[in-house]
Structures are given as C-alpha cells and as structure tokens.
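Read the structure below first, then the notes.
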Amino acid sequence: MKRLIGLVLILPFFVTGCGGNEIEGRNFVSTVGYDTETNSGYKISLCFIEPDGKDMYSADKAEVVSPTAAVTDKVLSSGKRQMYFGHLKAVVIGSSAAENGSLNEILLDLSSNNDISMDTVVLCSANSASGIISTVSNSGDGLYIWDFYKNNKDKLYSTQKMTLAEAVKKLDTQNGIVIPAVDADDENLSISGGVIFSDNIKTGVFDNNQIQGFIYVLGEGKGRNETISINSEEVPFNIEKNTSSVKFYEQDGVLKADYDISFKVKRLDGFNYPEEASEILAQQIKEKCLSAVEKLQHLNSDSLGIAQRLKRQDNALYNKFYNEEMFKNMVINLEINVSEK
Amino acid sequence: MNFSCNNKISNNQLMSVIVAAFLGCTAVSAPLGIIKTAGGGAYISVFLGGFAAAVLFYILVRFTGKSINDTYENVVYNSLGKYLGFLVLLTVFVYVTVYGGFQLATTARMVHFTMEKSVSSLFAALIIILVAFYTSLRGRECVGRISEIAAVLMLVFILFIFLISAPSMDLITLKPTPDEWQGILKGAFMSFCSLSVAGYVFIMLPNGENTKKTAFSVFLAFLIITVVLSFGTALAVSCFGVEESKRKLWPVIQMMNYTEFPGSLVERQEVLMSGFYVFSSFILASLSVHISSVIIQKVFKNINRVFSVFASCAFVVFFCLVALRKGGFEAVYGIYGFSLAMYAVMLLAPIVSLLRRKK
Numbered sequence: 002m003k004r005l006i007g008l009v010l011i012l013p014f015f016v017t018g019c020g021g022n023e024i025e026g027r028n029f030v031s032t033v034g035y036d037t038e039t040n041s042g043y044k045i046s047l048c049f050i051e052p053d054g055k056d057m058y059s060a061d062k063a064e065v066v067s068p069t070a071a072v073t074d075k076v077l078s079s080g081k082r083q084m085y086f087g088h089l090k091a092v093v094i095g096s097s098a099a100e101n102g103s104l105n106e107i108l109l110d111l112s113s114n115n116d117i118s119m120d121t122v123v124l125c126s127a128n129s130a131s132g133i134i135s136t137v138s139n140s141g142d143g144l145y146i147w148d149f150y151k152n153n154k155d156k157l158y159s160t161q162k163m164t165l166a167e168a169v170k171k172l173d174t175q176n177g178i179v180i181p182a183v184d185a186d187d188e189n190l191s192i193s194g195g196v197i198f199s200d201n202i203k204t205g206v207f208d209n210n211q212i213q214g215f216i217y218v219l220g221e222g223k224g225r226n227e228t229i230s231i232n233s234e235e236v237p238f239n240i241e242k243n244t245s246s247v248k249f250y251e252q253d254g255v256l257k258a259d260y261d262i263s264f265k266v267k268r269l270d271g272f273n274y275p276e277e278a279s280e281i282l283a284q285q286i287k288e289k290c291l292s293a294v295e296k297l298q299h300l301n302s303d304s305l306g307i308a309q310r311l312k313r314q315d316n317a318l319y320n321k322f323y324n325e326e327m328f329k330n331m332v333i334n335l336e337i338n339v340s341e342k
Numbered sequence: 020m021n022f023s024c025n026n027k028i029s030n031n032q033l034m035s036v037i038v039a040a041f042l043g044c045t046a047v048s049a050p051l052g053i054i055k056t057a058g059g060g061a062y063i064s065v066f067l068g069g070f071a072a073a074v075l076f077y078i079l080v081r082f083t084g085k086s087i088n089d090t091y092e093n094v095v096y097n098s099l100g101k102y103l104g105f106l107v108l109l110t111v112f113v114y115v116t117v118y119g120g121f122q123l124a125t126t127a128r129m130v131h132f133t134m135e136k137s138v139s140s141l142f143a144a145l146i147i148i149l150v151a152f153y154t155s156l157r158g159r160e161c162v163g164r165i166s167e168i169a170a171v172l173m174l175v176f177i178l179f180i181f182l183i184s185a186p187s188m189d190l191i192t193l194k195p196t197p198d199e200w201q202g203i204l205k206g207a208f209m210s211f212c213s214l215s216v217a218g219y220v221f222i223m224l225p226n227g228e229n230t231k232k233t234a235f236s237v238f239l240a241f242l243i244i245t246v247v248l249s250f251g252t253a254l255a256v257s258c259f260g261v262e263e264s265k266r267k268l269w270p271v272i273q274m275m276n277y278t279e280f281p282g283s284l285v286e287r288q289e290v291l292m293s294g295f296y297v298f299s300s301f302i303l304a305s306l307s308v309h310i311s312s313v314i315i316q317k318v319f320k321n322i323n324r325v326f327s328v329f330a331s332c333a334f335v336v337f338f339c340l341v342a343l344r345k346g347g348f349e350a351v352y353g354i355y356g357f358s359l360a361m362y363a364v365m366l367l368a369p370i371v372s373l374l375r376r377k378k
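Residue numbers (the numbering used here), protein chains in the order written: chain A, 2 to 342; chain B, 20 to 378.
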C-alpha cells in the first residue's frame, strides 16, 4: 500500500509538461497586427518579448505572410523559438484588412484559438497595422497598449476598451460595430476616436467628440470627465453615473426609438462654475450624442445594437419593421438629463 | 457522522458528493448542447430541467428510501433474486463505468487544451484514474470526506466569480423571444437528462432511517448544481453572445476565465478554473470506480478488494478511450437515453422490496 501511495504522489509531477518548451525557448507575443496583401492573404505583424534578451523586457518585431488569419505557433515560429500567444494583449486591424471585409474572419480565428484570451484588446488603425506594431515594439517593453488601458481604467476620454469577446459578440448580433482607433508616428501611439464598420466593412470614422457621444448613448460614460468651455475658460465635470434606456414605438407608420440618457455629474474643486453650467453641459453632451447617432444612421451601421434590442424588447414591432435599412430609416430621439451631485 | 465505518456516509457527505462530482462535469459538458438548442434562453432550460430533476429525486428518495435499509446492492439481491438482481447490477455497472469514462475523457481533453498541451489526454486520464483507484480503495466515506472539502472550495470560488461578473450582465441578450420557447423546452429536457444520474445517487444513499432528511439533502444538492449552472450559463451567454457561446467548447468555464479578478491577482486564471473542474473529475472518477468495484465484489463474492477496484479502473479507462476517439462531448450526449432508463432500473429493487413489506 505504501508503494501505491508513493506512486500516486509521484506520478502527478509528470503532468506538469516540463518536457515542453522552456520559457527561454519561447517568444511571448504581446500584439498582433493584420494587413491584407493583394493575392497573398494576410500580412501578420507580431510584436513579441524575448525573455533571454539583454533586457528582460526587450521587444522585437516579426512579419509573416499567411493565406489565413489564424495565428499558430507552427505558422509563425521563427527559428527554434516558439511563438507563444498565451499572453497576447492587443490586436490591431490595419486599414487594408478593415476595408476589404476581413474583420469577421480575423476575430473569429483569434477567438477560436484556445491560447488567446478573450480579454485581448481590439483596435483598428487608419493606416497599416504593421506601422503600429513597429511603434509598439520600439516603445520599450512591447506592452504599451495593455499599459494604456490598465493605467487609464476608468479615466478613458476619447476611446473605450473593446475586448475580443465584446467585438465577436457585436459582430454576431449587430450589422455594425465601432472599434477604437489607434494611430502612430515613428515614436508615439495615440489611442482615440473610432472606426465604424457596416456589415463587416469599414465605412467611416468617429472623431473624438463623436466617440464620446457614442459612449454616452451606450450608457458607458461612468468615470469620464466632460469639459465645457465658458468665456474662454474650461471647466470639467466628472461623470459619476451614466445610464441609457430606449423605448420603441410606431407612429404614423414609422419606427421610432426614444433614448433616455441620464447623467449624474460632480463638479471638481478649483474651478469657477457659472449657474448655467449644467444646461451647457447637457447641451454639449446632446450635440455629441446626436452627431454620433446621425453618422451611424447615415452609414447604416447599427453599432448601438438597436435591431437586437428591438427583437428582444418588442418582437412584434421587430417582425413588422426589420429590413436591411431599418436602422437608417428609423427616427431616433435623444433625451439628455443631467443632474449634479 | 460515520467515522467508525468506511462504508457509510452521512447526509451532508451525500450532498457534497453529488455537488462535487456532478457540478464540475455538467458545467463542462451540458451548457454547450443546451445553448445550441435553446439559444439565449439556455439558462431557463438549465433551471427548468435541473429543478425537475431535483424534485424527481426528492420524491424518489423520499418514497423508496425506507426500503433501502441495507446497502443498495444487497437490497437488489434480496428483493429481485439472484438472476434478475445480477442483471440490474450489471446494468448499473455498465452505466457507471460508461458515464465515468466519458466524463473522464471530457476532463482529460480539457487538461490537454487549457493546462499544458504537452500532456496528452490519455496521460491526464491515467493520472486521474490512479488517484481514483486509491480513493475508492479506502471506501465510500473517503470519497465523502474529500467531497466535503471539494464542494466547499468550488462553491466559494464560483460564488466569488459570479459576484464579480453579475453587475455587467447583458440582460437584453438573455431575454428570450417568443420563437425561442420551443428550443428552451427542448433544452430543459437535455438539462434534465444531464442531471439524471440515478445510477450514482441510489447506490450512495446513506441507508439510514431518516429518509426525509436524506431526500432533502439530495434535493438541495441538485438545486445547488442547477442554480450555479443556470447562472453560469446566463453569464456565458451574456458575456460571449449566443453564437460565440455555441462556438466555445466550454462556454461556462471560458466565461469564468474571462472574468477579471480584482487587482490582477491571478495571471493564468483558466488554469485555476480548470483545476477546480479536474478536482470535480477526481471525485466523479472515484465515485464511478468505487460503485463499480462494489458491484464486482457483490457479484463475485470471494474476489479481492484491490483486484475489484483495479478491474473497475480498467473499465472506466476503456470507456474513456472510446470517448476520446469519438470526441468527448458527442459521446456524453449519446448516453442521455441510457441515463433516463436508469431511473426505472434503479427503482425496480426498492419498489419490489416495498411491495413485499406491505404484503
């Protein structure tokens, strides 16, 4: 019996998989970028961390041309080193891939890979993804995008964090999606604005004001600061609560949606707030929200998930009005309520 | 408590055994099929089916429990006689080894994919079965005591994850549309089948006098599994959406991996989560080996205990290999009909025993 107990205790040590690749034998991919190449599929750019470099956190870059968007260590291995995707933090979709309708394929291939976390951040570039990856790998430890979201968790202003899980879910249920935009020069990265997709193809972009309005319509503005300008002086409000609800109804044969968007805001110390500050703030927010919604309707990109909401909230109305142009043709009214704490 | 006897368990231990053994394996194998059938309302299916199974088990244990005043295998032989009794026990043996083997295959695949790819599924299965060999050799009380630890650990951890995830739930996705209700009812039947484990429950009954308390323990165990599984399914669908949940191999477990721990406390969360399910698999494998070895000993009276446990392990591993060849999940779904038939098989002996008493 003692031998048996000994055997039971010893054998599990063989389940550790220590016979596999050691840490020094792996490249830890932190960011992946996708561009499309004419006739040859995808140009996949990788920013990866080499654990045995001079500096523990030195980053490098590699590029591979592949007929599919799937990233596997076999496709991407460089020399004896295995590319390890278990610590992937961000995916960047280049403009070429965004414009020719590859978004769905790229995200589905990534989400089907068991190594890749569904918490991976998804971004889209107005230029090539390869350029973004070069800047990320030159910016030190190769984790700039991850650090940006980690350090600004509740303080994002002109962008939002979109995970792979959220992006895939939206692609499955909506005919439109807004992916946060990333831009770069040789040294600096800028994460702000958004890229609008309609039916899996890039159709437009949001500027900073529009993406803020879009975030408010979704009711995800909590923690952000909204600054108004009065008499050439800027005064900020901190948004402590942002909720959004929508009611659908039919009027004169037209489908209408009334959005009720509420904010609870707080004034910050050290600023002079005039009496009408709240009204000005509400007006500014309304303009941003209207601008975002009008742009989405113009591009027929249902990034607000209105069709999905209507289907679940009022199935009869959905069955009556649903067609490819429903979002574009419906009337959307916005009611903004701002209250101060 | 039954500290002096290795062959008896208390009502609390019975509850822990059921929770620890079946929460893990049903969380791995059941939700995917139910989401495919029921869509966004899968969590309703899980709850309806699970609750029906819990109520059914309560009624069955309550009204047949009094006839099981000895171990179940003795009741079978005493009430049904040698030949029919042998047939019933043989059916239970096949069910338990097939179910245990198929679930072992599912867990082994999960270990292979999530923990370390260089560990083959078969090797992971062999390690689990080896520990099951030792546990079942020590009697059912050993399984009961380990389960008490496992059940508490699993539930506390899962509850913590649920508390973190619940505030961000997408309630719109979870609201079923009228055309989804037919699928939800079909899914409820699948959920009911996945928790129809009569082959295990009746043999593990503590054979005490207080059948009301035993029945309540069984009911509570299935209710806990149902609530956890239903909430987990709702969170998975809310987190990934219906279509992506269908594409995931283990939507509930993968949802738990996605949940962000406060303060980035855990780096490879999926390994921690899988660890709990592997723990559950250890309990289920031990239970399967223990029950089948008890049947072997009953049928072949003079057989050595170690040999009977060893033979049981061999059978469980054999069916695990069959399931690994077939793909795992598909195999588990394939035995739902068998699981339902087990209600009738398991009830035969207690009913005959009760009828004889009345005469």
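Using N, Cα and C, we set each Cβ at its ideal position, and we do this for glycine too. Because the structure is a prediction, the values reported are computed rather than measured.
Q: Could you pull out every unbroken alpha helix (DSSP H) segment of at least 4 residues lying fully inside the segment 25-110 of chain A, listed in chain order?
A: Along the segment 25-110 of chain A, the alpha helix (DSSP H) occurs as fully enclosed runs of 4 or more residues at 74-77, 96-100, listed in sequence order.
(Q) Taking DSSP's pairing of strands, which residues face residue 244 of chain A in a bridge? (A) Partner(s): A:263.
Q: Inspect the beta-carbon positions of residue 241 of chain A and residue 267 of chain A and report whether they are closer than 7 angstroms.
A: In contact: residue 241 of chain A and residue 267 of chain A (Cβ atoms closer than 7 angstroms).
Q) By the 10 Å Cβ neighbour count, where 16 or more other Cβ atoms means buried, how is residue 238 of chain B classified, buried or exposed? A) Residue 238 of chain B should be labelled buried.
(Q) Between which two residues does the alpha helix (DSSP H) holding residue 43 of chain B run? (A) Start and end: 30-57.
Q) So what does residue 239 of chain A bridge to, in DSSP terms? A) Per DSSP, A:226, A:267.
Q: Report the residues of the segment 231-261 of chain B with a CB closer than 7 angstroms to any CB of chain A, ordered along the chain.
A: Residues passing the 7 angstroms Cβ filter: 258, 259, 260.
Q) Does the beta carbon of residue 310 of chain A come closer than 7 angstroms to any beta carbon on chain B? A) Residue-level contact by beta carbon holds for residue 310 of chain A and chain B, with a gap shorter than 7 angstroms.
Q: Taking residue 127 of chain A and residue 184 of chain A to be in contact with their CB atoms under 8 angstroms, please state how far apart those CB atoms are, rounded to whole angstroms.
A: At roughly 6 angstroms, the Cβ-Cβ gap stays under 8 angstroms, so residue 127 of chain A and residue 184 of chain A are in contact.
Q) What is the DSSP secondary structure of residue 234 of chain A, counted as helix, strand or coil? A) In the displayed model, residue 234 of chain A falls within a strand according to three-state DSSP.
**Q.** Pairwise C-alpha distance: residue 27 of chain B and residue 21 of chain B
**A.** Low confidence applies here, because residue 21 of chain B scores a pLDDT of 45, under 50, leaving its location unreliable and the question unanswered by this model.
Q: Specify the secondary structure class of residue 345 of chain A as computed by DSSP and reduced to three states.
A: As displayed, chain A neither begins before 2 nor continues past 342, which places residue 345 of chain A out of reach and without an answer.
Q) The alpha helix (DSSP H) spanning residue 174 of chain A covers which residue range? A) Note, residue 174 of chain A: alpha helix (DSSP H), 165-174.
**Q.** N-terminal and C-terminal residue of the beta strand (DSSP E) that residue 216 of chain B is part of
**A.** Looking at the DSSP string, residue 216 of chain B is not in any beta strand (DSSP E), and its letter there is neither H nor E.
Q: Check each candidate in B:209, B:304, B:356, B:340 and name the one with the smallest Cα separation from residue 41 of chain B.
A: With distances taken between Cα atoms, residue 41 of chain B lies closest to B:304.
Q. Taking the alpha carbon of residue 103 of chain A as the point to measure from, which residue in A:294, A:202, A:180 has its own alpha carbon closest?
A. Closest by alpha carbon: A:202.
Q: Can you tell me which of the three DSSP states residue 193 of chain A falls into?
A: Correct three-state label for residue 193 of chain A: strand.
Q.
Taking 8 angstroms as the cut-off, does the segment 81-100 of chain A touch the segment 108-128 of chain A (at least 3 CB pairs, one atom from each stretch)?
A. Touching, yes.
Q) Grouping DSSP H, G and I as helix and E and B as strand, with all else coil, what is residue 181 of chain A? A) Residue state, collapsed to three classes: strand.
Q.
Using only the alpha-carbon positions, how far apart do residue 96 of chain B and residue 205 of chain B sit?
A. Straight-line Cα distance between these residues: approximately 37 angstroms.
Q | Cα-Cα separation, residue 290 of chain A to residue 261 of chain A | A | Pairing residue 290 of chain A with residue 261 of chain A, the inter-Cα distance amounts to about 12 angstroms.
**Q.** Straight-line Cα distance separating residue 326 of chain B from residue 319 of chain B
**A.** A straight line joining the alpha-carbon of residue 319 of chain B with that of residue 326 of chain B spans about 11 angstroms.
Q | Cutoff 7 angstroms; reference residue 366 of chain B; Cβ partners in own chain excluding five residues on either side | A | Excluding positions up to five away in sequence, the list reads 79, 83.
Q: Could you tell me how far apart the beta carbons of residue 169 of chain B and residue 310 of chain B are, in whole angstroms, since I believe they sit closer than 8 angstroms?
A: Wrong, their Cβ atoms sit about 18 angstroms apart, outside the cutoff.
(Q) Closer than 6 angstroms to a non-hydrogen atom of the ligand NAP - does that hold for the CB of residue 108 of chain A? (A) Only the bare structure without any ligand can be found here, which leaves the ligand NAP out of the picture.
Q) CA-CA distance, residue 266 of chain B and residue 64 of chain B? A) Their Cα atoms are separated by approximately 19 angstroms.
Q. Buried or exposed: where does residue 337 of chain B fall if 16 or more other Cβ atoms within 10 Å of its Cβ makes it buried?
A. Burial check for residue 337 of chain B: the Cβ neighbour count within 10 Å stays below 16, so the residue is exposed.
(Q) Against chain B, with Cβ distances strictly below 7 angstroms, would residue 166 of chain A count as a contact? (A) Closer than 7 angstroms to some Cβ of chain B, the Cβ of residue 166 of chain A qualifies, so yes.
(Q) At 3 residues or longer, what runs of the beta strand (DSSP E) sit wholly inside the segment 149-232 of chain B? (A) Whole beta strand (DSSP E) segments, 3+ residues: zero.
Q) If you measure from the beta carbon of residue 331 of chain A to each beta carbon in chain B, is any gap under 7 angstroms? A) Residue 331 of chain A does not count as touching chain B.
**Q.** For residue 205 of chain A, the three-state DSSP class (helix, strand or coil)
**A.** The DSSP-derived three-state label of residue 205 of chain A is strand.
Q: Could you give the DSSP three-state label for residue 159 of chain A: helix, strand or coil?
A: Reduced to three states, the DSSP call for residue 159 of chain A is coil.
Q: Out of A:59, A:178, A:263, A:257, point me to the one whose CA is closest to residue 297 of chain A's CA.
A: Residue 297 of chain A has its Cα closest to that of A:178, out of A:59, A:178, A:263, A:257.
Q: Would you mind giving the Cβ-Cβ distance between residue 270 of chain B and residue 51 of chain B, rounded to the nearest angstrom? I have them listed as a contact below 8 angstroms.
A: That pair is a contact at about 6 angstroms.
Q: State the DSSP-derived secondary structure class of residue 288 of chain A, mapped to helix, strand or coil.
A: Three-state DSSP puts residue 288 of chain A in a helix.
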